[in-house]
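Peer 1:
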Amino acid sequence: MNKQLILFYFYMACFLFCTCSCEKESNGLFQQDDVVFNGTEDDTSPQNVKLPDIDLSHWKVTLPIGNPTSIKPPEILDYATNDVLKTYMYNDSIEGALVFFTKPGASTPNSSYSRTELREQLVAGSDSYNWTFKDGGVIKGRLRMNETSRDSSGKPHRVIVMQIHGRLTNEQRDLIGQKDNNAPPIMKVYWDNGYVRLKSKVLKNQDASYPDLLHTDAWDNDSGYTFSEYVGYEPFTIEIRASQGEMAVTLNEIHTHSYSGNNMQKWGVFENYFKAGNYLMATESDAFARLKYYNLEVNH
Numbered sequence: 002m003n004k005q006l007i008l009f010y011f012y013m014a015c016f017l018f019c020t021c022s023c024e025k026e027s028n029g030l031f032q033q034d035d036v037v038f039n040g041t042e043d044d045t046s047p048q049n050v051k052l053p054d055i056d057l058s059h060w061k062v063t064l065p066i067g068n069p070t071s072i073k074p075p076e077i078l079d080y081a082t083n084d085v086l087k088t089y090m091y092n093d094s095i096e097g098a099l100v101f102f103t104k105p106g107a108s109t110p111n112s113s114y115s116r117t118e119l120r121e122q123l124v125a126g127s128d129s130y131n132w133t134f135k136d137g138g139v140i141k142g143r144l145r146m147n148e149t150s151r152d153s154s155g156k157p158h159r160v161i162v163m164q165i166h167g168r169l170t171n172e173q174r175d176l177i178g179q180k181d182n183n184a185p186p187i188m189k190v191y192w193d194n195g196y197v198r199l200k201s202k203v204l205k206n207q208d209a210s211y212p213d214l215l216h217t218d219a220w221d222n223d224s225g226y227t228f229s230e231y232v233g234y235e236p237f238t239i240e241i242r243a244s245q246g247e248m249a250v251t252l253n254e255i256h257t258h259s260y261s262g263n264n265m266q267k268w269g270v271f272e273n274y275f276k277a278g279n280y281l282m283a284t285e286s287d288a289f290a291r292l293k294y295y296n297l298e299v300n301h
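Under the working numbering, the first residue of the sequence shown is numbered 2, with each subsequent residue one higher.
1) Quick check on residue 61 - is its C-beta less than 7 Å from some C-beta in chain D?
2) Residue 265 by DSSP, collapsed to three states: which one?
3) Give a yes or no on whether the C-beta atoms belonging to residue 127 and residue 65 are separated by under 7 Å.
4) Please classify residue 215 as buried or exposed, where buried requires at least 16 other C-beta atoms within 10 Å of its C-beta.
5) Hey, residue 278 and residue 265: beta-carbon distance below 7 Å or not?
6) With 16 other CB atoms within 10 Å as the buried threshold, where does residue 193 fall?
7) Quick one: what's got a C-beta closer than 7 Å to residue 230's C-beta in the same chain, skipping five residues either side?
8) What's the gap between the Cα of residue 147 and the Cα of residue 227?
9) Taking the alpha-carbon positions, what's the residue 69 to residue 107 distance?
10) Give a yes or no on contact between the region 204–212 and the region 159–167, applying the rule of three or more CB pairs nearer than 8 Å.
11) Specify, as a first and last residue, the run of the beta strand (DSSP E) that residue 119 falls within.
12) Using a Cβ-Cβ cut-off of 8 Å (strictly less than) and excluding sequence neighbours within five positions of residue 52, which residues of its own chain qualify?
13) By a C-beta neighbour count over all protein chains shown, 10 Å radius and 16 as the cutoff for buried, is residue 130 buried or exposed?
14) Please return the same chain residues whose Cβ sits closer than 6 Å to the Cβ of residue 250, not counting the five positions on each side in sequence.
15) Pick helix, strand or coil for residue 79, following the three-state DSSP scheme.
16) Would a C-beta distance cut-off of 7 Å place residue 141 and residue 285 closer than the cut-off?
17) Could you check which residue in 287, 223 and 243 has the C-alpha nearest to that of residue 301?
18) Going by beta-carbon coordinates alone, are residue 123 and residue 294 separated by less than 7 Å?
19) Give me the DSSP bridge partner(s) of residue 237.
20) Got a sec, what are the start and stop residues for the beta strand (DSSP E) residue 186 sits in?
21) Can you give me the Cβ contacts of residue 81 inside the same chain, cut-off strictly under 8 Å, excluding the 5 residues immediately before and after it?
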């Protein structure tokens, strides 16, 4: 076989090899070890990972462990790799949600229930800066109950999913001789057996003086309000708007329940902060709840 013929067969072999390689990469597909992947639509590719629309730079989280344990900015921003946090707060990258898991354990001084719950911080890392109803505030979140344990009668345990909580200033605390800055929550939003239920506060004595109304026991629970729409275990949206002398809670941008009058006017003496997450209303050892937030935003 002469040299020209050998070169001819060599070039033909190279041409056929390149052609086959190009065919395997056509239409966005490539083949590796007899497994075909779609380079543009593979569900496990980074491009298809969904993340929650939640900025944690002004939130701290309280966990059902420790005394209890709280993690604030900037540490909370690394929740996905934080060994303490990732059991209780982690991403669902399929649904694009931030998952809050909790079970009975450590509780805060003014409660017997445990939580995996965010607490607003106007100044990152500090609880000392808060807002009044005169300042105004709006919190809006889209969330769903993923799963929760049941009580002995078979009813799902309730979970508080959003709050406006009051706080005494240092001057108010000292005025009434209280050991801490705790004040009542003016709004608690419950997931209650598939419905959204609201609980607020009313003064026991509508003519209470300024020092008297600073005491937690000056306020009583109202009768509550339950939205008629059943949300079950599907996503729903909650928005709370607070302004001077008024508060309104809206479910799914359609149904609104409003508060005004003397109780709201008197509440103006308190500072406040928003809370959001999984505050489980159960103490049984086998109780638990898993809640998902898709987005969460606050404006003042």
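The beta carbon of each residue, even a glycine, is placed where N, CA and C say it ideally should be.
Just so it is clear, the structure is predicted and the values come from calculations on it, not from any experiment.
Peer 2: Taking the structure as given:
1) Any reference to chain D falls outside this structure, which holds one protein chain only.
2) helix
3) no
4) buried
5) no
6) buried
7) 252, 253 and 256
8) 20 Å
9) 5 Å
10) no
11) 116–121
12) 92, 94 and 97
13) exposed
14) 199, 241 and 258
15) helix
16) no
17) 243
18) no
19) 144
20) 183–193
21) 87, 91 and 92
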